[in-house]
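Q:
Residue numbers (my numbering): 662 to 1092.
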C-alpha cells in the first residue's frame, strides 16, 4: 500500500483488526500506550487522534498527560512518575520505576491489550515491549533511540522488543535497513505543527506584531527608537547547566559584536519566568553597554513564543538541540554554540560516530551552519562567525542550504504515523 492510500481503505483495514470471523463483527481494539516524558504527550495525543479517526471503538490504556487523556486515554498513574531525568535522579527513583513497570504490565494483562505503542522514553518503553512482544502483542516504538549516532548494537534489543519503529528523521532509517527491521520515517511533529504564517509574513511585520504584544519588548525598542541594524535571537538552552555553561560564552561574543556594530540588538526568549530570572541574573553581572543591547523576555500568552522570536529575528545564536530544527524550518540562518564538561565531551567524542551536533548539518550530511564546539566557542570566534554569517553573500548561501534541506526533509517525511502502524500490522498478519 502506498503513502497516498485512500482514507477509506485505511479505515477498512483498521476495522478488520480483531474481527471475530464467526460473528463477522469487529471486537474493540485495545491499545496500550505510554509516554514516559512530558514531551511525548503531544506526540502520543496526535497518534491517538489519527487512530480514533480510523476507528471509533478503540480502548486506550497506559500512561500519558492531559493531551493524551483528552483523546480517551485511561491513565494508570500520572506521567510525572516516569518523567525522571538525569543519572542521579533515575538511580534514586529506580525502585519506583521498577514498581511502575510491574503495575503497567499487570494493567495491560488485565485489559488484554492487542497493541503496545511506546512514545519515546526508550529505556522504559523498550523494556515493557520486550515483555509484551512474546505474548503476540503488536509492539511499536514511536521515536527511535539514537542508534544511528552511537551504540548500534542496541538494534538487537530493539528487534527483540518491537515489530515496528517510527522514526522522526530519514537519516535514522539505514541502520534499520542494515539489520532488516521494519522502520518508517513519519517526520518530526514540528513539520506538522509549525505556524506557517511565521514563514510567509515579512520579517518587519512579524517583528512589529511581536513587539506590540509584549510590554518588555515595547520598552526595549522604544528606548532604542529605530536605532537597530540587525536583530539576533539568542537561545542558550533551557536547562540551568546549559545556561551557566553556554550563555557566558555567548555574552563574550555579543560584547565584541556590539563594539563592531553598536546598533545590533539581541532578544533572549525564555521558556518560563524562572528561566527568565536565571538568564537575567547572568546578564546583570555584565557591563552596562552589554545589558543595554539585550532584552530577556517571557510571554506565557504565546505557546510558540520562542518560535515567534526566532522568526522575527535576522538570525539565531543557539545551543544545539531541537531549536536548530525550528530555526531551519523557520528559514533563519544560525550559528550553533555548545560546550560540555571536558570529560563528558571526550567520552562522547569516542562513542558518537556522526561528525556534527546540529540537526540541519546531520540532515544535509555536510556543514551548512557553523558549529562552534568546546574550545572553538570563544568570544572572538563567536564574533567573527556571526559577522561572517551576517554578510549578504554568506547569509543567502546558508539560507538557500537551509531551505533545500528543509524541502528534502519534508519530501522524505510524508508517512502518516497511524496509517504506517495499521499497514505494518497487516503486512505481518497477512494469511
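For every residue, glycine included, the Cβ atom is placed at its ideal position computed from N, Cα and C. Since this is a predicted model, take the numbers as computed values, not measurements.
Can you name the residues that DSSP bridges to residue 896?
A: Looking at the DSSP assignment, residue 896 forms a beta bridge with 979.
Q: Using 8 Å as the threshold, is the region 859-879 in touch with the region 898-911, meaning 3 or more CB pairs across them?
A: Taking 8 Å as the limit for Cβ pairs, the verdict is that the region 898-911 does not touch the region 859-879.
Q: Going along the chain, which residues of its own chain have a beta-carbon closer than 8 Å to the beta-carbon of residue 763, five neighbours each way excluded?
A: Here the set comprises nothing.
Q: Threshold first: 3 residues or longer. Then list the beta strand (DSSP E) segments lying entirely within the region 830-874, N to C.
A: Within the region 830-874, the complete beta strand (DSSP E) runs of at least 3 residues are 844-846.
Q: Taking only runs of the alpha helix (DSSP H) that begin and end inside the region 686-726, which ones reach a length of at least 4 residues, in chain order?
A: 700-715, all fully within the region 686-726.
Q: Using the C-alpha atoms, what's the distance from residue 844 back to residue 817?
A: Straight-line Cα distance between these residues: approximately 14 Å.
Q: Can you tell me which of 998, 1072, 1077, 882 puts its alpha carbon nearest to the alpha carbon of residue 981?
A: Cα-wise, what sits closest to residue 981 is 998.
Q: So, residue 1139 versus residue 736, is the Cβ gap smaller than 7 Å?
A: Absent from the model: residue 1139. The displayed extent of the chain is 662 to 1092, so no value can be given.
Q: For residue 822 and residue 861, I'd like the C-alpha separation in whole angstroms.
A: Each residue's alpha carbon lies about 43 Å from the other.
Q: How big is the Cα-Cα spacing for residue 1037 and residue 890?
A: Using only the alpha carbons, I get a separation of about 27 Å.
Q: Per DSSP, which one or two residues make a beta bridge with residue 930?
A: Bridge partners of residue 930: 958.
Q: Leaving out five residues on either side along the sequence, give the residues of the same chain with a beta carbon under 8 Å from the beta carbon of residue 832.
A: Closer than 8 Å at Cβ, skipping near neighbours: 809, 1023, 1024, 1026.
Q: Taking contact to mean at least 3 C-beta pairs separated by less than 8 Å, is the region 930-944 in contact with the region 953-971?
A: Taking 8 Å as the limit for Cβ pairs, the verdict is that the region 953-971 does touch the region 930-944.
Q: Do residue 777 and residue 693 count as a contact pair if the criterion is CB distance below 7 Å?
A: Their beta carbons are under 7 Å apart, which means residue 693 touches residue 777 by this criterion.
Q: Within 10 angstroms of its Cβ, does residue 858 collect 16 or more other Cβ (buried), or is it exposed?
A: By the 10 Å Cβ count, residue 858 comes out exposed.
Q: Let me confirm a value: residue 988 is counted as buried when at least 16 other C-beta atoms fall within 10 Å, else exposed. Which label applies?
A: Flag for residue 988 reads buried.
Q: Contact check, residue 829 vs residue 782 under 8 Å by CB: the rounded distance?
A: Not a contact, Cβ separation roughly 14 Å.
Q: Who does residue 778 pair with in a DSSP beta bridge?
A: Answer is 694, 801, bridged to residue 778.
Q: Below 8 Å, how does it come out for the region 1043-1054 and the region 1078-1092: are there three or more Cβ pairs, yes or no?
A: With a cut-off of 8 Å, the region 1078-1092 and the region 1043-1054 do not count as touching, because too few Cβ pairs lie within range.
Q: Whole angstroms is fine: what's the gap from residue 775's alpha carbon to residue 691's?
A: The straight-line gap from Cα to Cα measures roughly 5 Å.
Q: State the Cα-Cα distance for the pair residue 948 and residue 709, rounded to the nearest angstrom.
A: Near 51 Å, if we compare the C-alpha coordinates of residue 709 and residue 948.
Q: Decide if the region 694-702 is in contact with the region 1052-1067; the criterion is three or more beta carbon pairs, one per stretch, under 8 Å apart.
A: No, the region 694-702 is not in contact with the region 1052-1067.
Q: Only counting the same chain, and skipping five residues up and downstream in sequence, which positions put a Cβ closer than 7 Å to that of residue 1079?
A: So the qualifying residues of the chain are 708, 711, 712, 715.
Q: On the premise that residue 1047 lies in contact with residue 898, defined as a C-beta separation below 8 Å, what is that separation, rounded to the nearest angstrom?
A: Residue 898 to residue 1047, Cβ: 18 Å. No contact.
Q: For residue 736, report the span of its beta strand (DSSP E) as first-last.
A: 734-736 is the span of the beta strand (DSSP E), which, as asked, contains residue 736.
Q: What separation, rounded to the nearest whole angstrom, lies between the Cα atoms of residue 718 and residue 769?
A: Distance between the alpha carbons of residue 718 and residue 769: 18 Å.
Q: With H, G and I counted as helix, E and B as strand and the rest as coil, what does DSSP make of residue 740?
A: Here residue 740 sits in helix by DSSP.
Q: Per DSSP, residue 999 forms a beta bridge with which residues?
A: Answer is 1034, bridged to residue 999.
Q: So, helix, strand or coil for residue 678, using DSSP?
A: The answer is coil: DSSP assigns residue 678 none of H, G, I, E or B.
Q: Hey, out of 853, 826, 855, whose CA is closest to residue 841's CA?
A: Comparing Cα-Cα distances from residue 841 to each of 853, 826, 855, the minimum goes to 826.
Q: Using only the alpha-carbon positions, how far apart do residue 766 and residue 671 sit?
A: Each residue's Cα considered, the two are about 30 Å apart.
Q: If I measure Cβ to Cβ from residue 792 and keep anything under 7 Å in the same chain, skipping five residues before and after, which residues do I get?
A: Excluding positions up to five away in sequence, the list reads 766.
Q: Can you tell me which of the three DSSP states residue 1050 falls into?
A: Three-state result, residue 1050: helix.
Q: Between residue 1051 and the rest of its own chain, which residues show a CB-CB distance below 8 Å, the 5 nearest in sequence each way excluded?
A: So the qualifying residues of the chain are 891, 975, 976.
Q: Residues in the same chain with beta-carbon distance under 8 Å from residue 1017, minus the five sequence neighbours each way, listed in chain order, please.
A: Counting only Cβ-Cβ distances below 8 Å, and skipping sequence neighbours, we find 1023, 1028, 1032.
Q: Apart from the five residues just before and just after residue 853, which ones in its own chain have a Cβ nearer than 8 Å to its Cβ?
A: Answer for residue 853: 707, listed in chain order.
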